[in-house]
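The numbering used here runs 81 ahead of the 1-based position in the sequence shown. Reviewing the structure listed below.
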Amino acid sequence: MSTARRVITIMLALAAAAGCAVAVEGGRWWSMGTDIHVGPVSTERCFGGDCQISTLAWTNGSALWERIGVATYVGGLCAALACLALAGALAARRPGRLAAAAAAVATITAAAVGIGFVALAPDIPSAQVGRGLALFAG
82 MSTARRVITI MLALAAAAGC AVAVEGGRWW SMGTDIHVGP VSTERCFGGD
132 CQISTLAWTN GSALWERIGV ATYVGGLCAA LACLALAGAL AARRPGRLAA
182 AAAAVATITA AAVGIGFVAL APDIPSAQVG RGLALFAG
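Below, the structure is given as structure tokens:
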């Protein structure tokens, strides 16, 4: 593999790892104004500078939806780890075939549960798509 191709692949793998990690850790998949944010495993409510983290129960989503949210969170972190392993293997001038296969499987699995999380989401009034969903899709 040429040096330019290796560097570009490393940069893309690092960008994918950062995108997956921030998407699930940042938690803002849907936002209601500037005060309420819904993520895959929790919600954040900030009123008057006082922010509180709570569960997804108040959204009236099903138990299956909440479990798929946890699977999306874990899948995103596993995909980030696999992409980081791929970048490390390529930076060490190794072929990285195993890391590439693991990254592909982790990414496909995370995408599948992420799609399920979005598809089964309850109707949340006045909710708008947040940055987490866009980062996860990227």
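We treat Cβ as the ideally placed atom computed from N, Cα and C, and that holds for glycine.
Coarse secondary structure for residue i, derived from DSSP in three states
| i | result |
| --- | --- |
| Ile196 | helix |
| Ile117 | strand |
| Trp111 | strand |
| Ile134 | strand |
Backbone CA spacing between residue i and residue j [nearest angstrom]
| i | j | result |
| --- | --- | --- |
| Arg86 | Gly219 | 21 Å |
| Gln209 | Ala173 | 42 Å |
| Cys159 | Ser83 | 28 Å |
| Gly129 | His118 | 15 Å |
| Gly213 | Thr90 | 23 Å |
Contact under 9 Å by Cβ, residue i with residue j
| i | j | result |
| --- | --- | --- |
| Glu125 | Leu137 | no |
| Cys101 | Leu171 | no |
| Pro121 | Tyr154 | yes |
| Trp111 | Gly211 | yes |
Residues near residue i in its chain [Cβ-Cβ closer than 7 Å; skip 5 each side]
| i | result |
| --- | --- |
| Ala181 | Leu167 |
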